[in-house]
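Undergrad: Sharing a structure with you now.
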DNA sequence: CTCCATCCTTGACCCAGATCAATTGGGATC
DNA sequence: GATCCCAATTGATCTGGGTCAAGGATGGAG
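Rendered as structure tokens:
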């Protein structure tokens, strides 16, 4: 874990702490953000933004899960990011969206109109600073993922993904990194495949193999228990601490 | 090309324009940067920084080419970025390097000690702003590359890499995007393989195949002519404008 | 000019994961 | 409980790219 530990502040109505808004935001600034803030909701499966479309807001996910994907004309798609609650979307200073943003579950987003947000950012340097931090974290995560995509085997890929989801889940809920972990997969096998650069059949087969080998336990299709986190990380072939934020 | 067109300023002695230093830097700021600036040189093949090592400077490449790589214990390596002149290395606000930085050719870097640079950054918001721009560009490039690594065939991967190098080369030199392009590959077949998640044999075979099919021409091993850029982009399977910065 | 090292090419073979094709299972609806 | 639907599993087969191995080109040192 390499991210600096900011104490995030909740904006008035959101049940989450926006990572873009840090402890250094004073009351005036928060009020100003509040004034241009509004909510959007999307249903599972809905596309929030199409790549290339103009995008007149930025914002963060309040609840639910969304994905960033890129697509080729023939339909091959690659997920390039996973948006969990508190994650930020949108690029200040550019009009068009770079990726498709798709709601994987029902989601709520807290949005700021882009123009006022940019103006506020220009006035309050520490917001830009905080965004830089977050963007650097995402860049690290993306590059970590390049290693997964380019060099890992199918089994290692699956283990890497499970490890990341387990860790994020743990850090969002309790905080204590217990040795045994239990969570629900927020992704279909197909979405996992798109994230990992595999086919859904291969994902399914490797999940079964990991189950047979006792690395994971499955209750139903989505509910996962990891009896030994160290074992899973071994399977992922990770040398790094894996302190990822993606 | 989505990067805003800053007019970069040359620092006194460097023959390049530092992207981190933008037109809005005033004389005082430039002088302050100059005061903490120094040069480092590395020979081809030398490792500039090992992942995890403490890194007490940030800086940008003045001449030559370096790569960012990640490695697994068993030696599998994945290149996660390519550093060309004017590219920035180092993360303000963190101690350890996240990747190996390796000089591919002899390189000269213009470095700033980290502490003073951070202090200057805190004082002058537009430097943080500029770094945010650059980091977002890199993030876009990394995510574009995830599509390449996860979903493209070997032939498409090679074509994608050649297209990127051709474009960067063109934008660094003349500026005019001629239809016919000529350049020298800055990478060995092995480095290309590490970038693309392939083996060097596959790279070699696909280069030969592209040559046989008239997509590229080769004079010697490294000198490449692209008779028809459109054709190459077709081969890369790119729908996007491909305005990459990586 | 020869030697040597490094980088590159090409061939033969193999295997991990893709592809094509049935089933199976489990939750919602009637 | 019966039916439908969609996610997931599992099997059979194929193939792109990896692996192993044997040369070939190029260039610098002596």
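Residue numbers (my numbering), protein chains in the order written: chain A, 5 to 250; chain B, 5 to 250.
Cβ coordinates follow ideal geometry from the N, Cα and C atoms, glycine included.
#1: Which class does residue 217 of chain A belong to by DSSP, given the choice of helix, strand or coil?
#2: Return the residues of the stretch 79-96 of chain A that lie within a Cβ-Cβ distance of less than 9 Å from chain B, sorted by chain order.
#3: Identify the continuous beta strand (DSSP E) that holds residue 71 of chain A and give its terminal residues.
#4: When you compare only the Cα positions, how much space is there between residue 138 of chain B and residue 203 of chain A?
#5: Of all the options B/217, B/201, B/242 and B/129, which has the alpha carbon lying nearest to the alpha carbon of residue 150 of chain A?
#6: Can you check whether the CB of residue 220 of chain A is closer than 8 Å to the CB of residue 2 of chain A?
#7: Along chain B, in chain order, which residues have C-beta atoms closer than 7 Å to that of residue 139 of chain A?
#8: Going by DSSP in three states, residue 207 of chain B sits in which element: helix, strand or coil?
#9: What residue range does the beta strand (DSSP E) around residue 85 of chain A cover?
#10: Between the stretch 63-78 of chain A and chain B, which residues of the former have a C-beta closer than 7 Å to a C-beta of the latter?
#11: Does any CB atom of chain A fall closer than 8 Å to the CB of residue 224 of chain B?
#12: Which residue's Cα is closest to the Cα of residue 84 of chain A: B/232, B/185, B/145 and B/157?
#13: Mind checking if residue 146 of chain B is an interface residue toward chain A, Cβ cutoff 8 Å exclusive?
#14: To the nearest angstrom, how far is it from the Cα of residue 215 of chain A to the Cα of residue 72 of chain A?
#15: Of all the options A/66, A/235, A/163 and A/238, which has the alpha carbon lying nearest to the alpha carbon of residue 209 of chain A?
#16: Consider the Cβ of residue 159 of chain B: report whether some Cβ of chain A lies at a distance smaller than 8 Å.
#17: With 16 as the cutoff for other CB atoms within 10 Å, does residue 159 of chain B come out buried or exposed?
#18: Residue 70 of chain A to residue 19 of chain A, Cα distance in whole Å?
#19: Which partner residues does residue 40 of chain B have in the DSSP bridge list?
#20: Count the CB pairs spanning the stretch 125-142 of chain B and the stretch 45-59 of chain B that are closer than 8 Å, and state whether there are at least three.
#21: Residue range of the alpha helix (DSSP H) that residue 145 of chain A falls in?
#22: In whole angstroms, what is the alpha-carbon distance linking residue 42 of chain B and residue 39 of chain A?
#23: In three-state terms, what does DSSP make of residue 23 of chain A?
TA: According to the structure shown:
#1: coil
#2: 80, 81, 82, 83, 84, 85, 95 and 96
#3: 70-75
#4: Each residue's CA atom was taken as its position, placing residue 138 of chain B and residue 203 of chain A some 34 Å apart.
#5: B/201
#6: Given a span of 5 to 250 for chain A in the structure shown, any question on residue 2 of chain A remains unanswerable.
#7: 136, 139, 140 and 143
#8: helix
#9: 81-87
#10: 74, 76 and 77
#11: Chain A, which has no Cβ nearer than 8 Å to the Cβ of residue 224 of chain B, makes this no.
#12: B/145
#13: Flagged as an interface residue toward chain A: residue 146 of chain B, by a C-beta distance shorter than 8 Å.
#14: 29 Å
#15: A/163
#16: no
#17: buried
#18: 17 Å
#19: In the DSSP output, where bridge partners are listed per residue, residue 40 of chain B has none listed.
#20: no
#21: 129-155
#22: 46 Å
#23: Residue 23 of chain A: coil per DSSP, three-state reduction.
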